[in-house]
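Let me begin by presenting the structure, written as structure tokens, before commenting on it.
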Ligand code: PAF
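Numbering (my numbering), first residue to last: 307 to 588.
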């Protein structure tokens, strides 16, 4: 059944009020639309966990570094709503920019530490934009639970820290990355890849896996890291923002998997920035 599309906070409050009074759990799946099977796995997890489920679709201008990137981001509301129909969610919340950031909006949520590495360096202001909009979405939807993909692991950890530090009573669930058959992590940005770049894209995961294997086997990590970066460049990646191993909990840099660790990568292919991460475990 097609879920109602709500565009204002007032409509959303009206819908959630009886749920709150009844003590229902409310799961929110925040998205920027262009839904793929990765998003849909979050919706399925929310449906399994919560009495009520709201999917939000908002292309958040505050987390984009450039106006072109924001303009190019795919917007596919009609097909997104159609994809959600089989999940029987309770509402799809699609606010516009004025609803989310009315005139005079002056507050930013900023998480230190976790945002000072990787995408926090390469995309200045990105995580402030994410933390701010997610805090607002949590408040607006009266969420008790929220579902995020491990594909954006740094974002997941930032959101967890924000919810904990601000005493926001939302349980943040991290859900596994969903991959295409050739290993490419599902992402709305994959729609922007040319046919040729799409064929090359899985090399990113191959090189992450090669470096993770070197770390697990105790081989020369720095040499393996250099070799993987060279292999990416040879395959056609035009820039590697980072390819590095970090601790799961505080994202500190590691050269051996002494603690639960992940291998993180961000690299450019034909003008599209791909990011991915995998667990480093033997
Ligand atoms: O992961 C995303 O799609 C976005 O960063 C999010 C969490 C919906 C916030 O705009």
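Using N, Cα and C, we set each Cβ at its ideal position, and we do this for glycine too. As the structure is a computational prediction, the values presented were derived from the model and not from experiment.
query                                                                                                                                                          : result
Hey, how far is the Cα of residue 316 from the Cα of residue 443?                                                                                              : 13 Å
Counting along the chain, where does the alpha helix (DSSP H) carrying residue 477 start and finish?                                                           : Element bounds for residue 477: not the alpha helix (DSSP H) but the beta strand (DSSP E), 477-481.
Since residue 565 contacts residue 584 with CB under 8 Å, what's their CB separation in whole angstroms?                                                       : So it is not a contact: roughly 16 Å between Cβ atoms.
Could you tell me whether any non-hydrogen atom of the ligand PAF is closer than 7 Å to the CB of residue 526?                                                 : no
Would residue 534 be called buried (16 or more neighbouring beta carbons within 10 Å of its own) or exposed?                                                   : buried
What are the residues that DSSP puts in a beta bridge with residue 334?                                                                                        : 360 and 452
Name, in chain order, the residues that DSSP records as bridge partners for residue 545.                                                                       : 574
Quick one: complete beta strand (DSSP E) runs, 3+ long, within the stretch 393-446?                                                                            : 397-399
Three or more beta-carbon pairs under 8 Å between the stretch 521-528 and the stretch 551-563, yes or no?                                                      : yes
Assuming residue 509 and residue 538 are in contact, meaning their beta carbons sit under 8 Å apart, how far apart are those beta carbons, in whole angstroms? : 6 Å
Given residue 607, which residues of its chain have a CB within under 8 Å of its CB, disregarding the five upstream and five downstream residues?              : Nothing can be reported for residue 607: it is not among the residues displayed for the chain, which extend from 307 to 588.
How about residue 530 and residue 517: are their beta carbons less than 8 Å apart?                                                                             : yes
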